[in-house]
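One structure is given below, encoded as structure tokens.
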Amino acid sequence: MSLPPLVEPAEGLTVDEVRRYSRHLIIPDVAMDGQKRLKNAKVLAVGAGGLGSPTLMYLAAAGVGTLGIVEFDTVDESNLQRQIIHGQSDVGRSKAESARDSVLNINPLVNVVLHETRLDTSNVMEIFSQYDLIVDGTDNFATRYLVNDAAVLLGKPYVWGSIYRFDGQASVFWAEHGPCYRCLYPEPPPPGMVPSCAEGGVLGVLCASIASIQTTEAIKVLTGIGDPLVGRLMVYDALEMTYRSIKVRKDPECPLCGKNPSITELIDYEAFCGVVSEEAQLAASGSTILASELKTWLDAGEPIELIDVREPAEWEIVRIPGARLIPKAELPAHLAELPQDRRVVVYCKSGVRSADALATLKGAGFTSAVHVQGGVTAWATQVDKTLPVY
Ligand SMILES: [Zn+2]
Numbered sequence: 443m444s445l446p447p448l449v450e451p452a453e454g455l456t457v458d459e460v461r462r463y464s465r466h467l468i469i470p471d472v473a474m475d476g477q478k479r480l481k482n483a484k485v486l487a488v489g490a491g492g493l494g495s496p497t498l499m500y501l502a503a504a505g506v507g508t509l510g511i512v513e514f515d516t517v518d519e520s521n522l523q524r525q526i527i528h529g530q531s532d533v534g535r536s537k538a539e540s541a542r543d544s545v546l547n548i549n550p551l552v553n554v555v556l557h558e559t560r561l562d563t564s565n566v567m568e569i570f571s572q573y574d575l576i577v578d579g580t581d582n583f584a585t586r587y588l589v590n591d592a593a594v595l596l597g598k599p600y601v602w603g604s605i606y607r608f609d610g611q612a613s614v615f616w617a618e619h620g621p622c623y624r625c626l627y628p629e630p631p632p633p634g635m636v637p638s639c640a641e642g643g644v645l646g647v648l649c650a651s652i653a654s655i656q657t658t659e660a661i662k663v664l665t666g667i668g669d670p671l672v673g674r675l676m677v678y679d680a681l682e683m684t685y686r687s688i689k690v691r692k693d694p695e696c697p698l699c700g701k702n703p704s705i706t707e708l709i710d711y712e713a714f715c716g717v718v719s720e721e722a723q724l725a726a727s728g729s730t731i732l733a734s735e736l737k738t739w740l741d742a743g744e745p746i747e748l749i750d751v752r753e754p755a756e757w758e759i760v761r762i763p764g765a766r767l768i769p770k771a772e773l774p775a776h777l778a779e780l781p782q783d784r785r786v787v788v789y790c791k792s793g794v795r796s797a798d799a800l801a802t803l804k805g806a807g808f809t810s811a812v813h814v815q816g817g818v819t820a821w822a823t824q825v826d827k828t829l830p831v832y
């Protein structure tokens with residue numbers, strides 16, 4: 443299905459612009475008309491991370507006139523393995539400012555607009571309304587549904603991508619012409635079921651593969667060339683080195699873009715996606731200790747059983763001395779062998795999985811069990827700073 447161009451062409455190109463974009467101008471399908479549309483286009487990147495980095499760099503190089511960047515985070519050393527818009531000298535800087543500097547270094551003709559804020563229900567409509575098209579590179583479900591709902595309510599197309607380890611997906615959601623994200627994924631996964639890249643890891647270069655699909659689709663939609671990924675999901679497997687395109691139908695019962703929508707305004711996305719499960723929250727209340735308290739207990743020789751509920755690959759990177767590894771999924775099978783005469787202390791990377799494990803332990807009668815707030819990350823940043831953070 444080909445669609446008309448999203449953006450009207452700009453008046454004209456300057457001599458400098460003709461020189462810069464000559465390799466586009468000589469492609470008959472792009473030509474002067476397409477390049478003038480790119481010049482007039484306003485594209486918003488949600489996030490300047492793994493997917494946002496290559497997307498912003500290529501959109502800038504391609505001559506998109508206005509690039510918006512929503513980003514509140516600062517550059518961390520662990521970002522540099524994949525977020526190639528930032529460099530070593532940017533560590534500790536605002537990601538938005540670092541991304542802007544890289545964009546302007548690639549192409550000073552781009553007008554860069556920074557939105558240094560966390561995207562939420564209070565600001566998303568106002569920010570999105572300033573752009574023609576949105577490119578979503580977020581890594582959490584709450585923001586993903588927020589982006590989808592705001593885009594549908596405003597009638598804007600958006601290019602979505604997601605990455606995990608060696609696998610990626612991408613699509614164009616544009617309710618006017620096809621399905622939305624809710625048509626494909628009506629419900630978020632149960633909290634804790636799908637690990638994020640911070641919890642499960644991602645091959646750095648996978649970001650480039652998926653972001654290149656997103657950028658290609660953005661350019662196609664803006665200029666009206668080719669057959670955009672509307673109503674199709676692209677599934678990439680880096681290990682098998684395969685791309686598959688799967689048809690996605692608009693769900694007539696979709697609560698957002700269907701015939702009788704029940705969602706007509708933004709909702710509470712944190713609650714919708716249940717950031718930490720209720721059981722875990724309940725188990726953790728009054729049973730959470732700080733990394734510094736654990737240190738005091740260990741130094742005093744308190745009788746505790748310290749259990750690390752992360753995966754073996756994470757255990758190999760860093761661990762708290764004296765701990766024993768029982769990955770969260772294997773915990774139920776090991777309950778019988780846990781000591782009854784000592785307090786069980788569980789930890790994970792950040793405190794989300796350990797809260798889940800705590801619910802399992804409490805349910806099995808380990809009522810004095812506690813978990814460590816902030817997990818091994820808190821331990822490595824507050825107690826033993828010689829340890830690495832991943
Ligand atoms: Zn829908």
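Sequential numbering of the sequence shown, starting at 443, is according to my numbering.
Backbone N, C-alpha and C fix where the C-beta goes; we use that ideal spot for every residue, glycine too.
Go ahead and label residue i buried or exposed: buried means 16 or more other beta carbons lie within 10 angstroms of its beta carbon, across all protein chains shown.
i      : result
Pro836 : As shown, the chain starts at 443 and ends at 832. That puts residue 836 outside it, with no answer to give.
Tyr627 : exposed
Val794 : buried
Glu513 : buried
Arg752 : buried
Glu779 : exposed
Thr888 : This structure does not reach residue 888, given that the chain is present from 443 up to 832, and the question cannot be answered.
Lys827 : exposed
Met499 : buried
Asp578 : buried
Val460 : exposed
Ile768 : buried
Pro496 : buried
Gln406 : Nothing about residue 406 can be reported from this structure: the residues present for the chain run from 443 to 832 only.
Met676 : buried
Val818 : buried
Asn521 : buried
Ile661 : buried
Ala771 : exposed
Tyr463 : buried
Lys689 : exposed
Asp710 : exposed
Cβ atoms of residue j and residue i: under 7 angstroms apart, would you say?
i      : j      : result
Leu664 : Arg479 : yes
Leu648 : Ala680 : yes
Val517 : Arg535 : yes
Gln656 : Gly620 : no
Ala742 : Leu773 : no
His813 : Ser796 : yes
Gly646 : Arg524 : yes
Ala765 : Asp750 : yes
Phe583 : Pro550 : no
Ala733 : Gln611 : no
Ala617 : Cys699 : yes
Cys625 : Lys692 : yes
Val488 : Val589 : yes
Glu838 : Val506 : Since the first residue of the chain shown is 443 and the last is 832, residue 838 is not available in this structure.
Val786 : Glu735 : no
Ala640 : Leu493 : no
Tyr678 : Ser651 : yes
Gly510 : Tyr573 : yes
Asp475 : Pro451 : yes
Gly597 : Pro446 : no
Ile468 : Ala502 : no
Val555 : Val545 : no
Name the one or two DSSP bridge partners that residue i has.
i      : result
His813 : Thr730 and Val788
Val794 : Paired residue(s): none; Val794 is not in a bridge.
Arg766 : Ile749
Val818 : DSSP lists no partner for Val818.
Val644 : Arg607
- Item | Every unbroken beta strand (DSSP E) within the region 650 to 737, with a cutoff of 3 residues, ordered by chain | Assignment of beta strand (DSSP E) within the region 650 to 737, counting only whole runs of 3 or more residues, yields 674 to 679 and 684 to 689 in chain order.
- Unbroken beta strand (DSSP E) runs of length 3 or more, entirely within the region 535 to 615: which are they? Counting only runs of 3 or more, we get 553 to 557, 575 to 578, 600 to 606 and 609 to 615.
- Could you pull out every unbroken alpha helix (DSSP H) segment of at least 4 residues lying fully inside the region 472 to 529, listed in chain order? The region 472 to 529 contains these whole alpha helix (DSSP H) runs: 473 to 482 and 494 to 504.
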